[in-house]
Amino acid sequence: MPPLLKLRVVPSIEILAQLQVGGSSITPMPHDLPKAYDPTAIEDHWAEYWVKENLFAQPTPDPTSKSKHEEGLDGQSGGEPFVILLPPPNVTGNLHMGHMFEHTESDILMRWHRMRGDRVLWIPGTDHAGIATQMLVERQVATENKTRQQMGRDAFIERVWEWKRHYGGAILGQMKRLGASVDWQREYFTMDERLSVAVREAFVKLYEQGLIYRGAYIVNWCPRCQTAISDVEVVHDEHKGHLWEIKYPVIGADGKDAGEFLTIATTRPETMLGDAAVAIHPEDERYTHLHGKKLRLPLMDREISILLDDWVSRDFGTGAVKVTPAHDPNDFALGQRHNLPSISIMDDTAHINTEGGAYEGMDRYVARKKIVEDLEELGLLVGIKDHVHNVGHCDRCKTVVEPRLSLQWFIAVNKKVESRGASMAELAIAAVKEEKIRFTPDNYEKIYLQWMDNIHDWCISRQLWWGHRIPAWHCATCHKITVTREDPTKCAHCGSDKITQSTDVLDTWFSSGLLPVSVFGWPKLTPENRADFDNFYPTTLLVTGFDILFFWVARMIMMGCWFAGDVDVKEPDGSLRPRTLAESVPFKDVYIHALVRDANREKMSKTKGNVVDPIEIVKQYGTDAVRFTLASMASPGTDIAFNVARTEGYRAFANKIWNAARFIFMNVDRAAEAGISVDRSLLGTMPTVAAEAPLEARWIVAELHATAEKVNQALENYRFDDAANIIYQFFWGSFCDWYLEIVKLRLIFDDPAKKDQTQAALTTLVQVFENALRLLSPFMPFLTEELWHAVYDGNPPAKSVALTRYPHAEQAKPLDEVDSALKNAGLYGMKDIQKIITSLRALRKDSGVPENEMVRAILSTGARENLGSRRVRWYASHNREIVQSLARISELVLTEGPLSQRNVHSDANFDVAIDYEKTIDVPAKRDRLTKEIARLEKGLASAESKLGNEGFLAKAPAHIVDGLKKQEAETRAQLDKLRRDLDGLGT
RNA sequence: GGGCGGUUAGCUCAGUUGGUUAGAGCGCCUGCCUUACAAGCAGGAUGUCGGGGGUUCGAGUCCCUCACUGCCCACCA
């Protein structure tokens, strides 16, 4: 016989006392658990405890151990790996509601899997966020009247590092406070030496494979950030602009203006300074006579040719388009086809350069205005039309992007590499098409594939200082480029030592795209040093928002498949074999979560001022309530309209549970005084009940099993909302509203004869509560941790509720053995009892019985012996005290005869009446009855019409027909009774 | 210009492969300080499931169409 344990709430009180400012000398009495739950009193403590105790660390597996599936309660030693890489927030970032939502969903999954015995690993880190961080520090430096240029590269970078050491990672601190169960020992930063090695290796390898090249192309240039940006970093906004029609003089055979003009249409007149030609469609009959002619470019007085190209659309504008190869991607392509010169007319800051003649030094928009004016003066401006078109903006700073010809580095994502038999994009497409990676919701698969099918080469160089510097050295002697793993001292081509490293850095997403491999030690995978990679790659799941689907998810898939694909798989016997695509993917599942908006469905933004700071809300309502809000609203496919009204509701839920605990602890203590205790060894697993146990015990245990089953299923499908709602309903609707009220009848401490009954009831009560805490713990980790420790009276079987087992119906075999029929009967019987009680309560209200007055009630099951009424009679007669207590009835009389009382409440299987003299509100009652009758008549008519339909009878499945027949009979019976009640009302 | 989604109670949203009388939370109305909880308890009201058409024995669910409304992608100057 294991030792018995008295349950008290001392530990939680101790914690509360510790948290009191100044270490107050008032020591609370054991049962001074505050009436209202105060999250702030416990949350900091547990958040610190979880981190300090390293509860969620997942050590590198012992490579000599062959067993991957040992059972482990601590979530570390055994089980299937369940690995999530936290999407690294920007190091400059602050935690916003979107983060908290993402982390809540991930944390629920993590805690759930951990409690299911999986070997979970959740890796946190931060991203160096090139542009964002550089901008931030530049601004800071600007307040000291300095510029980064004045400081110089090295000093500026040192300044950024200094900033990072001081303020970076604030967001991780916030995550700690919110209880994210990540492995803090594995925290990374994308500029860490370890990860920089991976970046270097990836670059060199791709270069060697011919997939990285450098060239002059039109790229998206941000004049404010003064760097190239990739296509996905450009956001297009619809913009009301103009279409200027400008006439270019045609040059006659004599080399002089022929007096004729060709009118072009443009949205960007300022770029005409760089025009190299005008293009028309070869079959455009309007311009046939101009074939082979030349034009004089106004303002620049340059002779340019007329090109024929069928890319030109005849029906847009004037059918003649100016060609500016250095400032437009289409024109660039056109220029390539026709060997046109590319004349760059703007500098890094989008000011006109020396190529722009008289306009040199002007900002692009100033130049535009001036050029239009000048053209008008020259009589060359034919017209200005309103024109709506899309303008690209820098994702970071919203500056209008300038397409600009410049020398940049690219990854040829579509280039096939013989040794791999595919291109990077092809592998990434195959991984999803062949379902090695699955998306939830699955429509993102389509979006992903669509994007991947049209992917262009990825511009990876940035003209920034903060980031991974491109490992390419330019030779001043032979002008060739040296790319090696180690910093070179000499040019690899001519041996010259006049080499300098590229000043560009890599796109931030280049390094974050490598994270799934680099966090596990790639590329330095030695036989002794690859256990992490062998055990945890591929990761299991990626939880992220669709906004970085292309930025990050797609890049991780490309790079993961590419680089991991080269790492052989280590078999259990130590031998190596090539890795399959399924083993190369960076993650097996992608769960795309919704966006968090404000209560009015508006996107939260600083400029709108509608940003809800999660930390503020957490302070007000507690972390658990906010987490529960987010989880319960997380239905897939719809954005979340965050509304604190919901959070208030879940704070009430937390308070409800807190008070249920107070009630339970109070009774446990009372029991202890009476010499009754709960066997602690019965806790921690699913409870079972004896066949002869009271109805409510059998019912609540059956409900618990059903709830656990449903919650597990919901989480299996990422239905956080369902899971949360199911638990809420169980805890509040079943456990508190019904079970706790009934169990009060069983807890009798002053009667020795009732000791066994009390002991059994108390045991089930504590068991179910302890299970419910575990069930809830992934959603409300703080509250449940506090109460779970209290249940064990400071002597818990684990360091945290997070390290226990999650309730699961499969563990409950004994219940099935008892008798599944009994289980069903218990559920039905309880339903009957609940119905009777609800009817009586309504009846009391109808009849105006004061709340605290006890009345006598009569329950009639009628003379008709149908199964339902027999069941009602049996359960009512065996559970009289429940009905009496919960419906405040002094005596429940059972009868089979008709009820003579005037105020009767009728159900299909029974009628109830109460003895109360006060006159009822006849009109109100009549009104209600009339409505009810109408409702039933409608249902009956619908049932009758279906049952009278031969097609229905012939084609509908038997259980539908039978159900409808039963329903029809019940409705008919109840209708009769209600009509009778209505008649009996009199006037 | 393509593609995807949404429209269900006053509000925010569920509603699995079509199947018995469409649900929840919040809010609202009424009555209760019933010793776990007033952040509570009990009772109650609330819907032409965006409009129209079709398929089916049967449609909130499938098809067509219209309206409104989000979002993503796209080089038409």
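Going by this note's numbering, the first sequence opens with residue 23, and the numbers climb by one from there.
Yeah, the Cβ is synthetic: ideal placement off N, Cα and C, and Gly gets one too.
Under DSSP, Asn-112 shares a beta bridge with Asp-149.
For the alpha helix (DSSP H) assignment, the uninterrupted runs of no fewer than 4 residues enclosed by the stretch 632-691 are, from N- to C-terminal side, 636-643 and 645-654. Between Phe-558 and Asp-205, the alpha-carbon positions lie close to 13 Å from each other.
Annotation for Leu-158: Thr-114 place their beta carbon closer than 7 Å to its own, counting only its chain and skipping 5 residues before and after. In the three-state DSSP reduction, Arg-460 falls in the strand class (E or B). The C-beta of Ala-775 has fewer than 16 other C-beta atoms within 10 Å across all chains shown, which makes the residue exposed. Around the beta carbon of Pro-945, fewer than 16 other beta carbons lie within 10 angstroms, which makes this residue exposed.
Excluding five sequence positions before and after Glu-918, the CB atoms of its chain that fall closer than 7 Å to its own CB belong to Ser-882, Thr-883, Gly-884 and Ala-885, given in chain order. The Cβ neighbour count for Asn-242, taken over all protein chains shown within 10 Å, is at least 16; the residue is labelled buried.
Inter-residue distance for Arg-910 and Arg-866 is about 9 Å (C-alpha atoms, whole angstroms). In the three-state reduction of the DSSP assignment, Asn-412 falls in the strand class. Each residue's CA atom was taken as its position, placing Glu-954 and Gln-789 some 41 Å apart. Annotation for His-313: no beta strand (DSSP E) segment contains it, and DSSP assigns it neither H nor E. Counting along the chain, the unbroken alpha helix (DSSP H) around His-125 starts and ends at 119-137.
Per the coordinates, the alpha-carbon of Val-394 lies some 16 Å from the alpha-carbon of Glu-382. Per DSSP, Gly-281 is one residue of the beta strand (DSSP E) stretching across 279-288. For Asn-167, the number of other beta carbons within 10 angstroms of its own is below 16, and it is reported as exposed. Under the three-state reduction of DSSP, Gly-263 is assigned to strand. Distance from the Cα of Trp-721 is smallest, within the candidate group Val-765, Glu-695 and Ile-698, for Val-765.
If the five residues before and after Glu-325 are omitted, its C-beta is found closer than 7 Å to the C-beta atoms of Ile-273, Lys-316 and Arg-318, all from its own chain and listed in chain order. Uninterrupted beta strand (DSSP E) stretches at least 3 residues long and entirely within the stretch 874-952 occur at 877-882, 911-917, 926-928 and 933-937, given in chain order. In this structure, DSSP gives Gly-405 an extended state, which the three-state scheme calls strand. The C-beta of Cys-419 has fewer than 16 other C-beta atoms within 10 Å across all chains shown, which makes the residue exposed. Distance from the CA of Val-905 to the CA of Leu-951, rounded to the nearest whole angstrom, comes to 24 Å. Inside the stretch 154-228, DSSP marks whole alpha helix (DSSP H) runs of 4 or more residues at positions 170-173, 175-189 and 192-199, from first to last along the chain.
With respect to the 9 Å criterion, Phe-432 and Trp-480 are classified as neighbours on the basis of their beta carbons. In this structure, Ala-683 sits near Leu-809, with a CB-CB distance shorter than 9 Å. Note: Ala-342 is bridge-paired with Ile-302 in the DSSP secondary-structure output. By the neighbour-count criterion, in which a residue is buried when 16 or more other Cβ atoms sit within 10 angstroms of its Cβ, Arg-577 is buried. Ala-728 and Leu-889 have their alpha carbons spaced roughly 25 Å apart.
Across the set Glu-457, Ala-287 and Arg-895, the C-alpha of Ala-287 shows the shortest separation from the C-alpha of Arg-336. Between Asn-793 and Ile-855, the C-beta spacing is not below 9 Å. Among the bridge pairs identified by DSSP, His-373 is matched with Asp-385.
Its chain contains Ile-880, Leu-921, Gln-923 and Val-926 as the residues whose beta carbon lies nearer than 6 Å to that of Ala-935, once the 5 sequence neighbours on both sides are disregarded; these appear in chain order. Here the alpha carbons of Glu-282 and Ala-275 stand approximately 12 Å from one another. When Lys-186, Gln-207, Ala-192 and Asn-116 are compared, the shortest CA-CA separation from Lys-74 is found for Gln-207.
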